[in-house]
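**Student:** Below is a structure I'd like to ask you about.
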Amino acid sequence: MMKSVFEIPDKIRRGKKGSIRIDVLEKVHQQMVCVYDIKTGRSGLSPARIGEISKSVAKHFGAANFTIIEIRPNSSINGSY
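Numbers in this note's numbering are just positions in the sequence shown, counted from 1, shifted up by 20.
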């Protein structure tokens with residue numbers, strides 16, 4: 021199951037203090053969640069941001085195991101480097 025918004029849209033308004041938004045979430049099974057954070061700029065995931073995501077995933081999904089992966093898409097159209 022892939023989701024593009026972490027919160028339930030009709031329950032939490034965008035930008036509400038204390039809420040977070042993630043790029044992609046995949047609930048692999050009952051106790052495993054993968055979070056994909058897409059980065060297009062120079063900055064990466066900070067330890068503080070990883071902590072925010074981890075805390076929210078554990079709270080909302082009760083997952084015992086989760087993986088947070090930083091994705092950096094290649095800007096090349098033909099896939100060459």
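Backbone N, C-alpha and C define an ideal beta-carbon position, used for all residues, glycine too.
How should serine 39 be labelled, buried or exposed, when 16 other C-beta atoms within 10 angstroms of its C-beta is the threshold for buried?
**Tutor:** Residue 39 sits at position 19 when you count from the first residue of the sequence shown. Counting Cβ neighbours within 10 Å, serine 39 comes out exposed, since fewer than 16 surround it.
**Student:** In whole angstroms, give me the CA-to-CA distance for alanine 68 and isoleucine 89.
**Tutor:** Here residue 68 refers to the residue found at position 48 of the sequence shown. Here residue 89 refers to the residue found at position 69 of the sequence shown. Between alanine 68 and isoleucine 89, the C-alpha separation is close to 15 Å.
**Student:** Of all the options Gly61, Ser74 and Gly71, which has the alpha carbon lying nearest to the alpha carbon of asparagine 94?
**Tutor:** Counting from one through the sequence shown, the residue named residue 94 turns up at place 74. Considering only Gly61, Ser74 and Gly71, the residue with the shortest C-alpha distance to asparagine 94 is Gly61.
**Student:** DSSP puts histidine 80 in a beta bridge; with which residues?
**Tutor:** Numbered from its first residue, the sequence shown carries residue 80 at position 60. According to DSSP, histidine 80 bridges with nothing at all.
**Student:** Using the three-state DSSP reduction, which class does lysine 23 fall into: helix, strand or coil?
**Tutor:** The residue labelled residue 23 in the question sits at position 3 within the sequence shown. Because the pLDDT of lysine 23 is 42, which lies under 50, any placement of that residue in the model is unreliable, and the number read from its coordinates should be weighed accordingly. Strand.
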